[in-house]
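**Q** Mind having a look at this structure? Questions to follow.
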Amino acid sequence: MWGRAVRRRCPRGLRRGRAALLALLALLALVGLGSVLRTRRGTRAAEPGPQRTQRPGRRDPALLRPLVPADALGAQGQAVRLQLQGEELRLQEESVQRHQINIYLSDRISLHRRLPERRNPLCMEKEYDYEKLPRTSVVIAFYNEAWSTLLRTVYSVLETSPDILLEEVILVDDYSDRDHLKERLATELSGLPKVRLIRANKREGLVRARLLGASAARGDVLTFLDCHCECHEGWLEPLLERIHREESAVVCPVIDVIDWDTFEYLGNAGEPQIGGFDWRLVFTWHVVPERERIRMQSPIDVIRSPTMAGGLFAVSKKYFEYLGSYDTGMEVWGGENLEFSFRIWQCGGTLEIHPCSHVGHVFPKKAPYSRNKALANSVRAAEVWMDEYKELYYHRNPQARLEPYGDVTERRRLRAKLQCKDFKWFLETVYPELHVPEDRPGFFGMLQNKGLKEYCFDYNPLNENEVLGHNVLLYHCHGMGQNQFFEYTSKNEIRYNTQQPEACVSEVAGSDILTMTLCKDTTPEGQKFILREDGSLFHVQTKKCVQAEREALGDGFMPLLRDCTNSEYQKWFFKERMS
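All residue numbers for the sequence shown refer to this note's numbering, where the first residue is 2 and numbers rise by one.
Put into C-alpha cells, the structure is as follows:
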C-alpha cells in the first residue's frame with residue numbers, strides 16, 4: 002500500500018546476536034570513555050546516564066565546499082551590478098540575448114558561493130535519522146545551458162547534500178550543440194564524485210530527457226532539478242524524510258528566486274506560496290489558503306499544493322513508475338507540470354511544498370527557446386484529466402480545439418487502471434479556491450458592440466503580475482479568446498477570468514471609464530451590470546449604460562458610461578467564436 006514504509010526484520014537468531022554484539026560494544030565504549038576521563042580528570046569516573054552516539058560525518062557533504070572570500074562577487078547571494086562600457090557591455094548584452102540570463106556576470110561569480118540563511122528557525126532544530134532516510138538520485142536535464150549556471154547547479158548539489166543520502170547526480174544532455182558542453186564538460190565532470198553524464202542521441206525535450214535520467218537512476222528517490230539552480234544548506238533532508246514517511250507524497254522545495262540580471266538571491270523565510278492554474282492552463286502562484294493553515298500544526302509542516310511549477314521536486318522512484326512517470330507524448334516542455342499535478346492528486350497521492358527545503362532558481366528573462374509544443378501538451382492534459390471541464394479551457398483558447406495532440410489512449414487506460422478520481426473531485430477537494438466559470442450559452446466569449454461593428458471588449462494587462470487596474474478598451478474582434486474573453490455571470494458580473502487573479506469590470510471612481518478590479522464573493526454595486534433584453538449594459542451603481550466611443554486622445558475606441566439612450570452604440574452581445 003502506498004504511504005507505508007516497508008521495514009525489513011532480521012531473523013530472530015541474528016537479532017539476538019546483534020543485540021549481544023551491541024551490548025559488548027557499549028561496554029567497551031564505556032570502559033574506554035572512563036579511561037579517557039580518568040586520564041584527563043584524575044581518578045574521577047564519568048557521570049552515569051544515557052550516552053548518545055552519532056554516526057561520525059553523517060552530515061558531511063558529498064563534496065567539501067572550498068573557501069570563498071567574503072567580499073567575492075555575489076557572495077551570500079548579494080546583488081551585483083557591473084558598471085560596464087564598450088566591449089564588456091556588448092559581451093554582457095550578447096550573453097543575455099543568447100541565454101536570457103546575464104551569463105557574463107554569472108561567469109564572474111564563484112561556482113561555490115554560499116547563500117544567505119532563508120529557512121524558518123524551527124527548521125534548524127529538526128533532527129534526522131540519516132541511517133533510515135532513503136538515498137536519492139538527482140536528475141538534471143539540460144539543453145545548451147551556459148557553463149557557469151550548469152556547473153554551479155552541480156556543485157551546489159554536491160556541496161549541500163549529505164554524502165550518506167546522495168546516491169548520484171545524473172546529468173542528461175538533451176542533444177546540446179554548444180562546444181563547451183562536449184569534451185570540456187565530460188572532462189570537468191569526470192573529476193567529481195557521484196556524477197554521471199548521459200547524452201541523448203537526438204533532441205528529446207525535457208520530459209523524455211528526464212525519463213532517460215530516471216531510467217538509469219539507482220536511488221530510491223528521484224529528485225528533479227532544473228539546470229540553473231543553487232541549493233540551500235539543508236535542502237535535501239526534509240524532502241527525503243517526508244517521502245520516507247509517506248511514499249505517495251510528491252514533495253517540492255520552496256523555490257527562491259535568483260535574479261537573472263544581478264544574481265541576487267531573493268528567498269525569504271516567510272510562508273511560501275502554493276501552485277495553482279488559470280483556465281488557460283497556465284501555472285500560477287497563490288497565497289496559502291486559510292483552510293490549509295488550519296490543517297497545518299506547525300509553520301514547518303508540509304503545505305499541500307494543487308499544482309507544481311514542475312522544475313524541482315522529489316518523488317519515490319517506485320511511486321513515480323506506479324503513477325505512469327511522465328506522459329511521453331508531450332514534447333519539449335510546457336503543460337507537463339499541470340498534467341502530473343492533476344494525476345498525482347486524482348490518483349491518490351499528495352503534492353506538497355516543504356517549508357524547510359529551499360532551492361534557488363534563476364528564472365530567465367524569457368524562455369530561451371521555443372515553446373511551440375506547449376499548447377499540444379496542455380490539450381493532452383485537458384483531454385485525459387479534466388473531463389467536461391476541458392470545455393472551460395477550450396472556450397478561452399479556441400485555437401486549442403484545432404491543435405493536434407497525438408494519441409492519448411494509453412494515458413486514459415492508465416487513469417482507468419489506477420481508478421483515479423474525476424476532475425470535479427479535484428476542484429471541490431484540492432482546489433476549492435479556484436472560481437469555476439458558469440459559461441452559460443450566450444453569455445461568454447467576445448463582448449461585441451452592435452453600432453461599432455467588429456469591435457469587442459479588450460483587456461490586455463501589461464504582464465501576468467499586473468492583472469488589475471488597467472482600462473478596458475475596444476479593439477477589432479479576433480476570436481482568439483485570451484484578452485477578448487469575458488463571461489457574464491448570474492451575479493451580474495462581467496468577469497475577465499482568463500488569468501489569475503480573476504478580475505471584474507467596474508468603473509474608475511469619479512469617471513466614466515471602465516477598469517478591472519478584483520472580483521468579490523459578494524458582488525459590490527460598482528461591479529454589477531444588467532444585460533437587458535435590448536442588449537444594453539446597465540451599470541447598477543451609476544445608473545448609466547455602457548457606450549462605444551472614440552477615445553478623446555488618439556484613434557482608438559473605449560467603452561464608456563453614458564446616460565442611457567436607444568443608440569446602437571449602447572447595444573452589446575456575446576459571440577463565442579468568429580463566424
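A virtual CB, placed ideally from N, CA and C, is assigned to each residue, including glycine. Remember, predicted model here, so these are calculated numbers, not experimental data.
Assuming Met309 contacts Cys232 under a Cβ cut-off of 8 Å, what Cβ separation, rounded to an integer in Å, is found between them?
**A** Counting from one through the sequence shown, the residue named residue 309 turns up at place 308. Counting from one through the sequence shown, the residue named residue 232 turns up at place 231. Contact doesn't hold; Cβ gap of about 17 Å is too wide.
**Q** On a Cα-Cα basis, can you pick out the residue from Cys505, Gly480, Ala504, Phe530 that is closest to Arg578?
**A** Stepping through the sequence shown from its first residue, residue 578 is reached at position 577. For Arg578, the nearest C-alpha among the options comes from Gly480.
**Q** For Thr44, which residues of its own chain have a beta-carbon under 6 Å away from its beta-carbon, when the five flanking residues on both sides are left out?
**A** Position 43 of the sequence shown, counted from the first residue, corresponds to residue 44. Its pLDDT being 30, under 50, Thr44 is placed unreliably by the model, and the measurement read from it follows with that caveat. None.
**Q** Taking only the alpha-carbon atoms, compute the straight-line gap between Ser111 and Gly361 and give it to the nearest angstrom.
**A** Here the question's residue 111 lines up with position 110 in the sequence shown. Here the question's residue 361 lines up with position 360 in the sequence shown. Between Ser111 and Gly361, the C-alpha separation is close to 15 Å.
**Q** Can the beta-carbon of Arg281 be found closer than 8 Å to that of Arg397?
**A** Taking the first residue of the sequence shown as 1, we reach residue 281 at position 280. Taking the first residue of the sequence shown as 1, we reach residue 397 at position 396. For Arg281 and Arg397, yes; Cβs fall inside 8 Å.
**Q** Roughly how many angstroms separate the alpha carbons of Arg115 and Ala76, rounded to a whole number?
**A** Taking the first residue of the sequence shown as position 1, residue 115 is located at position 114. Taking the first residue of the sequence shown as position 1, residue 76 is located at position 75. Cα-Cα distance, rounded: 6 Å.
**Q** Report back the beta-carbon spacing between Tyr144 and Ser177 to the nearest angstrom; my notes put them in contact at under 8 Å.
**A** Taking the first residue of the sequence shown as 1, we reach residue 144 at position 143. Taking the first residue of the sequence shown as 1, we reach residue 177 at position 176. About 6 Å separates the two Cβ atoms, so the contact holds.
**Q** Considering Cα atoms alone, identify which of Ala504, Arg413, Pro307 is closest to Trp426.
**A** Position 425 of the sequence shown, counting from 1, holds the residue named residue 426. It is Pro307.
**Q** Using the rule of at least 16 other Cβ atoms within 10 Å of the residue's Cβ for burial, across every protein chain shown, is Gly536 buried or exposed?
**A** For the purposes of this step, residue 536 is taken as residue 535 along the sequence shown, with counting starting at 1. So Gly536 counts as exposed.
**Q** Looking only at C-alpha atoms, which of Tyr327, Asp388, Val303, Ala382 sits nearest to Pro356?
**A** As a first step, residue 356 must be located in the sequence shown, where it is residue number 355. When each option's Cα is compared against that of Pro356, the closest is Val303.
**Q** Assign Leu22 to one of two classes, buried (16 or more other C-beta atoms within 10 Å of its C-beta) or exposed (fewer than that).
**A** On the sequence shown, position 21 is the one that residue 22 refers to. In this prediction, Leu22 scores a pLDDT of 37, lower than 50, which makes its location untrustworthy; the coordinate-derived value is nonetheless stated afterwards. The residue in question, Leu22, is exposed, as its Cβ has fewer than 16 Cβ neighbours within 10 Å.
**Q** Apply the 10 Å Cβ neighbour rule to Asn202 and answer buried if 16 or more other Cβ atoms are within range, or exposed otherwise.
**A** If you number the sequence shown from 1, residue 202 lands on position 201. Under this definition Asn202 is an exposed residue.
**Q** Specify the secondary structure class of Glu526 as computed by DSSP and reduced to three states.
**A** To locate residue 526, count along the sequence shown from 1; it is residue 525. Correct three-state label for Glu526: helix.
**Q** Where do the N-terminal and C-terminal ends of the alpha helix (DSSP H) with Gln93 fall, by residue?
**A** Position 92 of the sequence shown holds residue 93. Run containing Gln93: 87–100, per the alpha helix (DSSP H) assignment.
**Q** Determine whether the beta carbon atoms of Ile165 and Ser138 lie at a separation below 8 Å.
**A** Counting from one through the sequence shown, the residue named residue 165 turns up at place 164. Counting from one through the sequence shown, the residue named residue 138 turns up at place 137. No, they are not a contact pair.
**Q** From which residue to which residue does the beta strand (DSSP E) around Gln449 run?
**A** In the sequence shown, the residue the question calls residue 449 occupies position 448. Counting along the chain, the beta strand (DSSP E) containing Gln449 begins and ends at 445–450.
**Q** Please determine if the segment 259–268 and the segment 330–345 are in contact, where contact requires at least 3 C-beta pairs separated by less than 8 Å.
**A** Counting Cβ pairs under 8 Å, fewer than three are found: no touch.
**Q** Between Asp61, Lys544, His113, which lies nearest to Leu68 when the distance is taken from Cα to Cα?
**A** Residue mapping note: residue 68 aligns to position 67 of the sequence shown, counting from 1. The option with the nearest alpha carbon to Leu68 is His113.
**Q** Can you grab the Cα-Cα spacing for the pair Arg13 / Leu134, in whole Å?
**A** Along the sequence shown, one-based indexing puts residue 13 at 12. Along the sequence shown, one-based indexing puts residue 134 at 133. Interpretation of Arg13 is limited by its pLDDT of 38, a score under 50 that renders its predicted location unreliable; no figure is taken from the coordinates.
**Q** Following the continuous beta strand (DSSP E) through Glu231, name the residue where it begins and the one where it ends.
**A** Mapped onto the sequence shown, residue 231 falls at position 230. Where Glu231 is concerned, the enclosing beta strand (DSSP E) stretches over 230–232.
**Q** Please list the segments of the alpha helix (DSSP H) lying wholly inside the segment 311–375, counting only runs of 4 or more residues, in order along the chain.
**A** Segments of the alpha helix (DSSP H) lying fully in the segment 311–375: 318–323, 337–347.
**Q** Is it true that the CB of Asp180 sits closer than 8 Å to the CB of Leu198?
**A** Taking the first residue of the sequence shown as position 1, residue 198 is located at position 197. Taking the first residue of the sequence shown as position 1, residue 180 is located at position 179. No.
**Q** If you scan the segment 475–521 from start to end, which runs of the beta strand (DSSP E) of 3 or more residues do you find wholly inside it?
**A** You should have 487–489, 495–497, 504–508, 515–519.
**Q** From Arg428 to Lys492, what does the alpha carbon distance come to, in whole angstroms?
**A** The residue given as residue 428 occupies position 427 in the sequence shown. The residue given as residue 492 occupies position 491 in the sequence shown. Just to set this straight, residue 428 is Leu in the shown sequence, not Arg. Looking at the two C-alpha atoms, the distance is approximately 21 Å.
**Q** Cα separation between Ala71 and Leu352?
**A** Along the sequence shown, read from residue 1 onward, the residue named residue 71 stands at position 70. Along the sequence shown, read from residue 1 onward, the residue named residue 352 stands at position 351. Rounded to whole angstroms, Ala71 to Leu352 spans 38 Å at the Cα level.
**Q** Could you say if the segment 366–386 and the segment 403–422 meet the contact criterion of at least three C-beta pairs nearer than 8 Å?
**A** Judged by Cβ distances under 8 Å, the segment 366–386 makes contact with the segment 403–422, as three or more pairs qualify.
**Q** Under the three-state reduction of DSSP, which class applies to Glu550: helix, strand or coil?
**A** Walking along the sequence shown from the start, residue 550 turns up at place 549. Residue state, collapsed to three classes: strand.
**Q** Is the separation between the beta-carbon of Ala549 and that of Leu475 shorter than 8 Å?
**A** Here residue 549 refers to the residue found at position 548 when the sequence shown is read from its first residue. Here residue 475 refers to the residue found at position 474 when the sequence shown is read from its first residue. Their beta carbons are under 8 Å apart, which means Ala549 touches Leu475 by this criterion.
**Q** Assign Thr566 to one of two classes, buried (16 or more other C-beta atoms within 10 Å of its C-beta) or exposed (fewer than that).
**A** For the purposes of this step, residue 566 is taken as residue 565 along the sequence shown, with counting starting at 1. Exposed, since its Cβ has fewer than 16 Cβ neighbours within 10 Å.
**Q** Which residues in the same chain as Gly33 place their Cβ atom closer than 8 Å to its Cβ, once the five residues preceding and following it in sequence are excluded?
**A** Here residue 33 corresponds to residue number 32 of the sequence shown, with the count starting at 1. Confidence in Gly33 is poor, its pLDDT being 38 and thus under 50, which makes the residue's placement too unreliable to answer from.
**Q** Could you spell out where the alpha helix (DSSP H) holding Met387 opens and where it closes?
**A** For the purposes of this step, residue 387 is taken as the residue at position 386 of the sequence shown. That residue, Met387, is in no alpha helix (DSSP H); it is neither H nor E in DSSP.
**Q** With distance defined between alpha-carbon atoms, name the residue in Glu293, Gln571, Val289 nearest to His540.
**A** Within the sequence shown, residue 540 is the residue found at index 539, counting from 1. Per the Cα distances, Gln571.
**Q** Which value, in whole angstroms, describes the spacing of the CA atoms of Cys505 and Cys421?
**A** Looking up residue 505 in the sequence shown gives position 504. Looking up residue 421 in the sequence shown gives position 420. One C-alpha to the other measures close to 35 Å.
**Q** Just to confirm, is the Cβ distance from Leu207 to Val222 under 8 Å?
**A** Start at 1 with the first residue of the sequence shown, and residue 207 comes out as number 206. Start at 1 with the first residue of the sequence shown, and residue 222 comes out as number 221. Against a cut-off of 8 Å, the Cβ pair of Val222 and Leu207 comes out as no contact.
**Q** Going by DSSP, what residues sit across from Ser584 in a beta bridge?
**A** For the chain, the structure presents residues 2 to 580; residue 584 sits outside this window and is missing.
**Q** Could you compute how far the alpha carbon of Tyr266 sits from the alpha carbon of Leu562?
**A** Locating residue 266 in the sequence shown gives position 265, counting from the first residue. Locating residue 562 in the sequence shown gives position 561, counting from the first residue. Using only the alpha carbons, I get a separation of about 47 Å.
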